[in-house]
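Here this note's numbering runs 1078 ahead of the position in the sequence shown, where the first position is 1. Shown next, in structure tokens, is the structure this report addresses.
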Amino acid sequence: MKAHISSILLGVRDMEASKRFYTEGLGWKVKNDYGISVFFESDGASPVGFYGREGLADQVGASPEGSGFSGLVLTYVVRSEARVDEIIAEAEKAGATILKAAGPLPWGGYGGSFADPDGYIWSLGYSAQGTDQPYAE
């Protein structure tokens, strides 16, 4: 396998609530809405989509039940500390749970994190070190 992700699917409990969080709250644009799944505009990156949690778990042969930290963190790297602050504020206004307020990170960067309504964790970050960061915007 190559170190590449073709798409990222998040199993959600309430499709409409999740769509509202990401579209109205964070400004994402729907590319395709198939009813049982939704995919967003990706601007050339790996596409992100939703699928009903029960259906997605069944599709991959896993239990839809789960709690606590899953070991998965979605990382979003931006070009300024101010943008980290803006996104954390947007997410909080949209109903996210702020897990770690934006601030200095132990390794020298700046960042924060939040959980979406289904508990998926987003880590926002900025670093002035290096110019080859995997910037999301």
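Heads up, the beta-carbon is just placed ideally off N, CA and C, and yes, glycines get one too. Computed from a prediction, not measured in an experiment: that's the story for all the values here.
Practice problem: Compare the Cα-Cα distances from L1088 to each of N1110, K1107, K1109 and L1152 and report the closest residue. | Solution: Reading the sequence shown from its first residue, position 10 is the one you call residue 1088. Distance check between L1088 and each of N1110, K1107, K1109 and L1152 places L1152 closest, using alpha-carbon atoms only.
Quiz item: Which stretch, first to last residue, makes up the beta strand (DSSP E) that contains V1090?
Solution: The residue given as residue 1090 occupies position 12 in the sequence shown. Residues I1086 to V1090.
Quiz item: Is V1138 near E1215, with beta carbons less than 7 Å apart?
Solution: Position 60 of the sequence shown, counting from 1, holds the residue named residue 1138. Position 137 of the sequence shown, counting from 1, holds the residue named residue 1215. By the CB criterion at 7 Å, V1138 and E1215 fall outside the cutoff.
Quiz item: Any heavy atom of the ligand ZN closer than 6 Å to the Cβ of E1168?
Solution: Absence of the ligand ZN is noted for the structure shown, with no ligands found whatsoever.
Quiz item: Are the beta-carbon atoms of R1173 and A1180 separated by less than 7 Å?
Solution: In the sequence shown, the residue the question calls residue 1173 occupies position 95. In the sequence shown, the residue the question calls residue 1180 occupies position 102. Reading off the sequence, residue 1173 comes out as Gly, not Arg. Not in contact: G1173 and A1180 (Cβ atoms no closer than 7 Å).
Exercise. Taking 7 Å as the cut-off, decide whether the C-beta atoms of S1115 and Y1129 are in contact.
Key: Translated into the one-based positions of the sequence shown, residue 1115 becomes position 37. Translated into the one-based positions of the sequence shown, residue 1129 becomes position 51. Taking a C-beta distance under 7 Å as the contact criterion, S1115 and Y1129 qualify as a contact pair.
Quiz item: Can you tell me whether R1131 is buried or exposed, with buried defined as 16 or more other CB within 10 angstroms of its CB?
Solution: Residue mapping note: residue 1131 aligns to position 53 of the sequence shown, counting from 1. Buried.
Exercise. Determine, using beta carbons only, whether S1191 comes closer than 7 Å to chain E.
Key: You won't find chain E in this structure, because it holds only one protein chain.
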